[in-house]
Amino acid sequence: MTKILWLSPRIPWPPEDGASVASATLIRQLGWLGHEIQLVCFPQTDPGITEEEVAARLGIKKCLFIRRGPRSPRYKPLEVARHLVTRPLSPLTMREFYRPGLRRALSQNVNVDAQIMVCDTLHVWGAVTSSLPFMIYRAHNVESQIWKRASQHTTNPFLRLLLAIQAWCVFSAERDLVRRADVVATVSDTDRSAFMDLYGAENVVTVPIGFTFEAPLAASPGEAVNLLFVGKLDWPPNAEGLRWFLRSVWPEAFARRSQLKLRIVGSGRPPDLAPSDGVEFLGRVADLTPLYRQCDLAIVPVRYGSGTRVKAIEAARYGRALLSTELGVEGLGLDHATHYLRANSADEWIHVLTTVTRPDCAELGARVFQHLRNDFDERNCARRFEGLLPPNVFSAAKPTPSR
């Protein structure tokens, strides 16, 4: 048994988005393997669940909430201005984790005899003032690549400059954490290569995000081709990709084929767009199973970002076909001629949407289910992570650079 202190920027239960699915599944499986985990979460708003409930749901020893962020949105501009003055070289996206009160709360309230610290995402690194003998960086994305690609996708020169500066700040913070961590656990081989190339990291291991693969859902009756988009709507790659799809693809595709129906599911504010025929925004949905049962084709119009496309794997575990950009299934090892429908340009998306049939979707869904079930089985993924844990942890902690 290994005693683990696990730092998470958000409460991973209920698992509603890619990051929380990845964290909740891995934590729960490691607990079942006999490891003792104390989870520390940094919710931004008042949680609708207790620490005891989260611990029970995940099957772990203890969970602790440490609130971050301003108490009211009206304080956000002040927080941003203060951060730019006091820590101009630190990423804005991590500003809440650098707050002295939060860092003090972490050091004072967490009294554990854990041997290993897991930094689950880059952001929590800002709150760490002293580390444990062995540290694992669980990297859901290559964060600096997301910011760099975001700067390349904007046409506003001022915003492009701002994003480029922030990309450098994120690069610097990510480099510091990679250098301090004993192991970097990425979610895809693509990210593993990026960490090695960008930061010269040596001990980088791919531990995919785990899912339960049981059996594909039976298709629902009907003639309409039902599309489903699932994703956190305030995550920039999701928001930008969905906005592009609804503006550049959907109007023409629906005009040519009015049987198309699109449901959009996800927490966060939806893109500021006028209502479209055939499109339904459902917001946050607790149980996605009925929606996947009615779905023929899951769409992933992501045009930048990194990591593993959790929602692509989730659709596959239900036996649903994927229509995606090449980047949207990056790291999954899928062949576009066999496992999914690839579309990068608006014309390609429109062509697929106006020609694909429900039998085509059913066949592709069955293939991608079989292809991904072994690599992304949650038990196999947890055992891969378990293999990173050292048999004998050092007796004294490495010094952590002051930041």
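Under this note's numbering, the residue at position 98 of the sequence shown is numbered 93, and the numbers go up by one with no gaps.
Just so it is clear, CB atoms sit at the ideal spot from N, CA and C, and this is done for glycine as well.
Boundaries of the beta strand (DSSP E) in which residue i is found, first to last residue
i, result
"residue 133", "129 to 134"
"residue -2", "-2 to 3"
"residue 309", "From DSSP, residue 309 is part of no beta strand (DSSP E) but of the alpha helix (DSSP H) over 305 to 312."
"residue 258", "256 to 260"
"residue 115", "111 to 115"
"residue 201", "199 to 201"
Beta-carbon gap between residue i and residue j smaller than 8 Å
i, j, result
"residue 222", "residue 193", "no"
"residue 185", "residue 326", "yes"
"residue 345", "residue 202", "no"
"residue 312", "residue 206", "yes"
"residue 81", "residue 118", "no"
"residue 373", "residue 25", "no"
"residue 383", "residue 200", "yes"
"residue 92", "residue 122", "yes"
"residue 286", "residue 258", "yes"
"residue 260", "residue 220", "no"
"residue 237", "residue 308", "no"
"residue 161", "residue 86", "yes"
Residue i - DSSP class collapsed to helix/strand/coil
i, result
"residue 144", "helix"
"residue 183", "coil"
"residue 399", "The chain is shown from -4 up to 398; residue 399 falls before or after that span and cannot be answered."
"residue 221", "strand"
"residue 160", "helix"
"residue 6", "coil"
"residue 336", "strand"
"residue 57", "strand"
"residue 32", "strand"
"residue 178", "strand"
"residue 206", "strand"
Cut-off 6 Å between Cβ atoms - residues of its own chain near residue i, not counting five sequence neighbours on either side
i, result
"residue 302", "Bear in mind that the predicted position of residue 302 carries a pLDDT of just 48, short of 50, making it too unreliable to give a figure here."
"residue 404", "Only positions -4 to 398 of the chain appear in the structure, and residue 404 is not among them; the question remains open."
"residue 263", "227, 228, 229"
"residue 445", "Nothing about residue 445 can be reported from this structure: the residues present for the chain run from -4 to 398 only."
"residue 0", "33, 107, 109, 112"
"residue 177", "129, 130"
"residue 292", "222, 316, 318, 356"
"residue 265", "228, 276"
"residue 132", "114, 172, 176, 179"
"residue 18", "3, 7, 115"
"residue 155", "146, 149"
Burial state of residue i (16 or more Cβ within 10 Å)
i, result
"residue 75", "exposed"
"residue 27", "exposed"
"residue 190", "buried"
"residue 14", "buried"
"residue 320", "buried"
"residue 166", "buried"
"residue 400", "Since the first residue of the chain shown is -4 and the last is 398, residue 400 is not available in this structure."
"residue 213", "exposed"
"residue 99", "exposed"
"residue 331", "exposed"
"residue 340", "exposed"
"residue 282", "exposed"
"residue 272", "exposed"
"residue 116", "buried"
"residue 389", "Legend: pLDDT at residue 389 = 41, less than 50; position of this residue unreliable, value from coordinates given subsequently. Its Cβ having fewer than 16 others within 10 Å, residue 389 is exposed."
"residue 209", "exposed"
"residue 329", "buried"
"residue 12", "buried"
"residue 47", "exposed"
Cβ-based neighbour list, residue i, same chain, cut-off 7 Å, excluding 5 preceding and 5 following
i, result
"residue 145", "158, 231, 299"
"residue 108", "-2"
"residue 348", "248, 252, 255"
"residue 211", "313, 314, 360, 361, 364"
"residue 42", "6, 60"
"residue 23", "53, 54"
"residue 391", "Annotation note: pLDDT 36 at residue 391 (below 50); position unreliable, no value reported."
"residue 385", "129"
"residue 120", "114, 168, 172"
"residue -4", "29, 30, 31"
Cβ neighbours of residue i in the same chain (closer than 8 Å, five flanking residues each side left out)
i, result
"residue 50", "34, 56, 57, 58"
"residue 102", "124, 125"
"residue 94", "63"
"residue 376", "20, 21, 24, 202, 203, 204, 205"
Span of the alpha helix (DSSP H), counted from its first residue to its last, around residue i
i, result
"residue 293", "No alpha helix (DSSP H) holds residue 293; the beta strand (DSSP E) holding it covers 292 to 295."
"residue 364", "353 to 367"
"residue 249", "245 to 251"
"residue 278", "Unbroken run through residue 278 is the beta strand (DSSP E), 274 to 278; no alpha helix (DSSP H)."
"residue 324", "No alpha helix (DSSP H) contains residue 324, which DSSP labels as neither H nor E."
"residue 80", "71 to 81"
"residue 101", "95 to 104"
Below-8 Å beta-carbon distance, residue i vs any chain C residue
i, result
"residue 32", "Here chain C cannot be found, since the structure has a single protein chain."
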